[in-house]
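Below: one structure, written as structure tokens.
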Amino acid sequence: ASLALVPLRSPYGVVEVDDHSNVLGFLEKPIVKDKWINAGVYHFTREVFHYLPENGNIEITALPEMAKNKKLQGIRYAKSFWRSIDSHKDIEEATKELKSAVNV
Numbered sequence: 015a016s017l018a019l020v021p022l023r024s025p026y027g028v029v030e031v032d033d034h035s036n037v038l039g040f041l042e043k044p045i046v047k048d049k050w051i052n053a054g055v056y057h058f059t060r061e062v063f064h065y066l067p068e069n070g071n072i073e074i075t076a077l078p079e080m081a082k083n084k085k086l087q088g089i090r091y092a093k094s095f096w097r098s099i100d101s102h103k104d105i106e107e108a109t110k111e112l113k114s115a116v117n118v
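Spelled out as structure tokens, the structure:
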């Protein structure tokens, strides 16, 4: 089985400071180096049915068990567009981003 991984992006702007707390600059929602998140896209074989509980979230139940048994591989998508959609506002913002990316 495999799951899509995308780089972790900080949900916040980051302030860069030196050793004396002088502000050097700002980074708006930077990518966190060497950290990956589950993009929510999966490819499963029939073997997944051995791990699925009757109830529960597969991210809490099946995926950790599959990882423990070395039955899960992550596919890294470092240069792709991915956005979490958790609200109507997120849909509107993603729509604007996609339209500007394809010049619609």
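Counting from 1, position 9 in the sequence shown corresponds to residue 23 in the numbering used here; the numbering is continuous, with no gaps. For glycine and all other residues, C-beta sits at the position ideal for the given N, C-alpha and C. Everything numeric in this text was worked out from a predicted model, so none of it was measured.
Own chain partners of residue i with C-beta closer than 6 Å, once the 5 adjacent residues on each side are dropped
i	result
ALA87	A quick correction: the sequence has Gln, not Ala, at residue 87. Cβ within range, chain order: SER16.
ALA53	ALA18, VAL20, TRP96
ILE89	SER16, ALA18
LYS110	none
Residue i to residue j span [Cα, whole Å]
i	j	result
TYR65	SER98	26 Å
ALA81	LYS43	29 Å
LYS84	ALA92	23 Å
DSSP bridge partner residues for residue i (one or two, in chain order)
i	result
PHE40	VAL29
VAL20	ILE51
ILE45	ARG23
Integer-rounded CB distance, given that residue j should sit under 8 Å from residue i
i	j	result
VAL28	LEU38	Not quite, the Cβ-Cβ distance comes to about 11 Å (not below 8 Å), so this is no contact.
Residues near residue i in its chain [Cβ-Cβ closer than 8 Å; skip 5 each side]
i	result
ALA108	ARG97, ILE99
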